[in-house]
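One gets the working numbering by counting positions in the sequence shown from 1 and adding 77 to each. Cβ atoms here follow ideal geometry from the backbone N, Cα and C, with glycine treated the same way. Have a look at the structure below, then the notes.
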Amino acid sequence: MQRVSGINELTAAVEAAKKDGLEVSFVPTMGALHEGHLSLIKEARRHASFVVVSIFVNPLQFGAGEDFEKYPRAIEEDAKKLDGIGVSVLFTPTVNDLYRGNLNVSESAGHIGELYEGAARPDHFDGMLTVVARLFEAVKPNYAVFGAKDAQQVYLVKQMAAQKFAGIEIIVAPTIRESNGLALSSRNRYLSPADHKVAEHISAALRSAQQAASTAGGSPQSVLQAATTEMAKAPEAKLDYIALVDADTFEAVTDGFTGRAILLIAAVVGETRLIDNIEITF
Ligand code: AMP
């Protein structure tokens, strides 16, 4: 595994691979790697033999008072986890390497970017899309792999790619969970053991909603009700939203909807904001 931080070095490595006839898969991360990230890398390898992983904590996607400063940074540990699993290049740019002095938001997530996570974290998605655009321009991959765990991010990245990066196919990989159901997240390390127990109600709520959907007459309303009932069992979790959206438009669905929907839950447990989701077909 080659480790690079400068864009010129990265470009040279990727161009050499392409010259050799290889396709390139890309997995962007913020580091503090866990099995969820590693599963994206496995998926990336299924699509192309040259795999680039980036680790970059993007200042533009953190709001004032969020955890940019204390976001876990464990680059040497991360590099060890990536060794020997088929990663060709680990790209760890500095802010200057990536933004070259132009730390401006260049992308707009539009209306959908203001809902749900965007309502709680204003400007988050514009900042996220901006770093993804800079990374796509730097890496120029054939494929880029994102986790279904961040459903709104996936929706917005797909939209941006369709408009601006037609040569990059966006691949979505399933959410990896602990055996108790809690979705893996770099932020889970902020949870105390008691918080952890509370947090497990989020995935339990998603499962109970999915069950409600699969019973006869399961409607969007019954699905939302099932999730709400389960979350009410964990009043320590400060629920932000439970929402059911059309997977194709990210607009809220109402009764009578048919097709693929995504049930979203966000809650603050202890000091930590957690999100999770599950796909439900009506
Ligand atoms: P992050 O480092 O949190 O920015 O995440 C980098 C990528 O890993 C994103 O595409 C996330 O959606 C994905 N990811 C995070 N947690 C999980 C998980 N539990 N399962 C699968 N993918 C994940």
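Under three-state DSSP, which class holds residue i?
{"i": "Val-134", "result": "coil"}
{"i": "Ile-357", "result": "strand"}
{"i": "Lys-147", "result": "coil"}
{"i": "Leu-321", "result": "strand"}
{"i": "Thr-88", "result": "helix"}
{"i": "Ala-314", "result": "coil"}
{"i": "Arg-337", "result": "strand"}
{"i": "Ser-116", "result": "helix"}
{"i": "Val-104", "result": "strand"}
{"i": "Ile-162", "result": "coil"}
{"i": "Arg-122", "result": "helix"}
{"i": "Leu-167", "result": "strand"}
Beta-carbon within less than 7 angstroms of residue i's beta-carbon, same chain only, minus the 5 sequence neighbours each way: which residues are those?
{"i": "Ser-82", "result": "Thr-169, Pro-170, Thr-171, Asp-174"}
{"i": "Ile-247", "result": "Ala-221, Phe-223, Val-234, Lys-235, Ala-238"}
{"i": "Ala-260", "result": "Lys-226, Thr-252, Arg-254, Ser-280, Asp-353"}
{"i": "Lys-310", "result": "His-278"}
{"i": "Gly-204", "result": "Asn-135, Leu-137, Gln-138, Val-182"}
{"i": "His-201", "result": "Gln-138, Gly-140, Glu-194, Gly-195"}
{"i": "Lys-315", "result": "Ala-344, Val-345"}
{"i": "Tyr-176", "result": "Arg-211"}
{"i": "Ser-299", "result": "Ala-289"}
{"i": "Gly-295", "result": "Ala-289"}
{"i": "Ala-228", "result": "Ile-339, Leu-341, Asn-354"}
{"i": "Pro-199", "result": "Gly-140"}
Check this for me: beta carbons of residue i and residue j, under 8 angstroms apart or not?
{"i": "Val-345", "j": "Val-275", "result": "no"}
{"i": "Ile-253", "j": "Leu-351", "result": "no"}
{"i": "Val-222", "j": "Leu-110", "result": "no"}
{"i": "Ala-156", "j": "Arg-211", "result": "no"}
{"i": "Leu-340", "j": "Ala-293", "result": "no"}
{"i": "Val-330", "j": "Pro-297", "result": "yes"}
{"i": "Thr-207", "j": "Glu-184", "result": "yes"}
{"i": "Tyr-267", "j": "Thr-349", "result": "yes"}
{"i": "Leu-115", "j": "Ile-162", "result": "yes"}
{"i": "Ser-126", "j": "Pro-105", "result": "no"}
{"i": "Ile-342", "j": "Ala-290", "result": "no"}
{"i": "Val-164", "j": "Val-128", "result": "yes"}
{"i": "Gln-287", "j": "Ile-355", "result": "yes"}
{"i": "Glu-396", "j": "Ser-285", "result": "With the chain represented from 78 up to 359, any question about residue 396 goes unanswered, as that position is not in the structure."}
{"i": "Ala-324", "j": "Arg-337", "result": "yes"}
{"i": "Val-216", "j": "Val-231", "result": "no"}
{"i": "Ala-93", "j": "Val-101", "result": "no"}
{"i": "Ala-197", "j": "Asp-317", "result": "yes"}
{"i": "Pro-218", "j": "Phe-359", "result": "no"}
Got a sec? Which residues, its chain only, sit under 6 angstroms from residue i by beta carbon, not counting five neighbours each side?
{"i": "Val-134", "result": "Met-107, Tyr-148"}
{"i": "Tyr-244", "result": "At residue 244 the sequence reads Gly, which differs from the Tyr that was named. Cβ neighbours of Gly-244 beyond the five flanking positions: none."}
Within a Cβ cutoff of 8 angstroms, which residues of the same chain sit near residue i, ignoring the five residues on either side of it in sequence?
{"i": "Arg-150", "result": "Gly-108, Ala-109, Val-134"}
{"i": "Phe-145", "result": "Val-134, Pro-136, Phe-139"}
{"i": "Leu-159", "result": "Met-78, Leu-110, Ile-118, Val-130, Leu-167"}
{"i": "Asn-257", "result": "Glu-277, Ser-280"}
{"i": "Gly-113", "result": "Gly-224, Lys-226, Thr-252, Ile-253, Ala-260, Leu-261, Ser-262"}
{"i": "Phe-269", "result": "With the sequence shown as reference, residue 269 is identified as Ser, and Phe is not the correct amino acid for it. So the qualifying residues of the chain are Gly-347."}
Taking 7 angstroms as the cut-off, is the CB of residue i close to at least one heavy atom of the ligand HEM?
{"i": "Met-78", "result": "The ligand content of the structure shown is limited to the ligand AMP, which means the ligand HEM is not among them."}
Secondary structure, beta strand (DSSP E): runs of 3+ residues fully inside the stretch 186 to 243: 220 to 224
To test your reading of the DSSP string, which unbroken alpha helix (DSSP H) runs of 4 or more residues are found completely within the stretch 231 to 305? 270 to 291
Those residues, in chain order, that have a beta-carbon closer than 6 angstroms to some heavy atom of the ligand AMP: Thr-106, Met-107, Gly-113, His-114, Ser-116, Leu-117, Phe-223, Gly-224, Lys-226, Asp-227, Ala-250, Thr-252, Ile-253, Ala-260, Leu-261, Ser-262, Ser-263
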